[in-house]
Amino acid sequence: SRRKRIAVLGGSFNPPTDGYLLMAANIIHTRSADEVWIVPCGPRPDKPSMTTCARDRLLLTHLAVEATFSSSFPIKVDDEEIERDQALTTPHLLSIYDDKYPESDFYFVIGTDLLDGLHSWDPKYPGWELQRQLIVMDRPGYKPDAKWSKASNVHFLFGSASSASSSFSRAASPRAMSS
Numbered sequence: 356s357r358r359k360r361i362a363v364l365g366g367s368f369n370p371p372t373d374g375y376l377l378m379a380a381n382i383i384h385t386r387s388a389d390e391v392w393i394v395p396c397g398p399r400p401d402k403p404s405m406t407t408c409a410r411d412r413l414l415l416t417h418l419a420v421e422a423t424f425s426s427s428f429p430i431k432v433d434d435e436e437i438e439r440d441q442a443l444t445t446p447h448l449l450s451i452y453d454d455k456y457p458e459s460d461f462y463f464v465i466g467t468d469l470l471d472g473l474h475s476w477d478p479k480y481p482g483w484e485l486q487r488q489l490i491v492m493d494r495p496g497y498k499p500d501a502k503w504s505k506a507s508n509v510h511f512l513f514g515s516a517s518s519a520s521s522s523f524s525r526a527a528s529p530r531a532m533s534s
């Protein structure tokens, strides 16, 4: 039998936007993966502006997923990082999933804006970005390096919700504009 393909969509989800949910649904509808796991990060010292605690972001993400999708739709929220003292790097998180769920293959969802910097995300996992299956979402204004179009581990999924970042949503919100 075929191994389950799970797309890992990580981020701060501060807040969880409709763009993230649309992106997750598009991954399922295009059969790019069998399930999508939305994984809010733990504490992030590199993001001092993120003042919403990890538990609240997890709860908001659960509410957004439950309000948007039926319980049988294969999108779930995973809390792997929430109880940790610090956020995991993506390669570390994926290796934890490999150990916990050896019957599944984990794909990492990333935007074109972050693709070229993947090699520097964790020096303990050199070359991880070439060994993992990547689902790459289009982000306006970011064209990936040509080497990625030839990479056998990369699946481009363009034409979906691409302005999904929470920082974009916060900047565009009426509350942000009035403060």
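When you read off a place in the sequence shown, starting at 1, and then add 355, the result is the number in my numbering.
Here a beta-carbon is modelled for each residue, glycine too, at the ideal position from N, C-alpha and C.
- Query: What's the call for Pro499, buried or exposed, on a 16-neighbour Cβ count within 10 Å?
  - Reply: In the sequence shown, the residue the question calls residue 499 occupies position 144. The residue is buried, with at least 16 neighbouring Cβ atoms inside 10 Å.
- Message: Extract the residue ranges of the alpha helix (DSSP H) inside the segment 369 to 426, only unbroken runs of 4 or more that lie entirely within it.
- Response: 373 to 384, 409 to 423
- Task: For Ile361, name the three-state secondary structure that DSSP assigns.
- Result: Numbered from its first residue, the sequence shown carries residue 361 at position 6. Residue state, collapsed to three classes: strand.
- Item | Own chain partners of Ser520 with C-beta closer than 6 Å, once the 5 adjacent residues on each side are dropped | Here the question's residue 520 lines up with position 165 in the sequence shown. Confidence is the limiting factor: at Ser520 the pLDDT is only 45, short of 50, which leaves the residue's position unreliable and the question unanswerable from this model.
- Query: Could you give the C-beta distance for Asp453 and Gln488, rounded to a whole number, given that I count them as a contact under 8 Å?
  - Reply: Translated into the one-based positions of the sequence shown, residue 453 becomes position 98. Translated into the one-based positions of the sequence shown, residue 488 becomes position 133. Not quite, the Cβ-Cβ distance comes to about 12 Å (not below 8 Å), so this is no contact.
- Query: Smallest Cα separation from Lys359: which of Arg386, Thr372, Arg410, Leu473?
  - Reply: Start at 1 with the first residue of the sequence shown, and residue 359 comes out as number 4. Closest by alpha carbon: Arg386.
- Task: For Phe463, count neighbouring C-beta atoms within 10 Å of its own C-beta (all shown protein chains included) and say buried if the count is 16 or more, exposed if not.
- Result: As a first step, residue 463 is located in the sequence shown; it is residue number 108 there, counting from the start. Phe463 should be labelled buried.
- Message: Could you tell me which whole alpha helix (DSSP H) segments of length 4 or greater appear in the segment 443 to 496?
- Response: 445 to 455, 467 to 470, 483 to 486
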